[in-house]
Amino acid sequence: ARAALQTCVLRLRRLFAKYGISATTIEAVPGGYRMHNDTGTLDLVLFRLLAAKARAAAGTDEELYRLRESLSLWQGQPLANVASRMLQRDAVPALEQERLRVLERIGDLELAAGNCHQVLVDLYESGRRHPLR
């Protein structure tokens with residue numbers, strides 16, 4: 001098992017290096033490995049940070065800007081290329097709910113500003129994918 005884990009870590013480090021992510025992102029520690037990331041490394045971390053900044057700016061123009069900025073990081077279904085049934089069952093729906101909450105807040109803000117057309121554009125695809133929400 002140890003050799004398999006070391007092989008996986010080596011592959012991750014190579015993959016990270018391919019995309020310019022530091023080799024020190026994965027650190028060997030007693031008993032295993034620790035993964036470090038900065039805000040810009042993982043889009044999910046940045047998405048959540050921008051959504052938090054939007055909440056902190058509630059009621060201002062910056063709120064809508066930050067929400068749209070966070071949503072722009074979203075590309076397709078989360079973890080679409082990960083073959084883990086557990087993640088697909090547990091993590092993906094939770095991540096999708098986070099995205100939907102941001103999208104719904106954007107809709108609320110756009111409606112309040114009188115931008116009905118923009119709301120229809122934003123919610124069309126989401127309504128098809130989540131008709132009961």
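Sequential numbering of the sequence shown, starting at 1, is according to full-length UniProt numbering.
Backbone N, C-alpha and C fix where the C-beta goes; we use that ideal spot for every residue, glycine too.
- For Y124, the secondary structure class from DSSP, reduced to helix, strand or coil, is helix.
- Under the three-state reduction of DSSP output, Y19 falls in the coil class, being neither helix nor strand.
- With respect to the C-alpha of D108, the residue from P93, L64 and A83 having the closest C-alpha is L64.
- Of the other Cβ atoms in all chains shown, fewer than 16 fall within 10 Å of the Cβ of E27; this residue is therefore exposed.
- Collapsing the DSSP output to three states places V92 in a helix.
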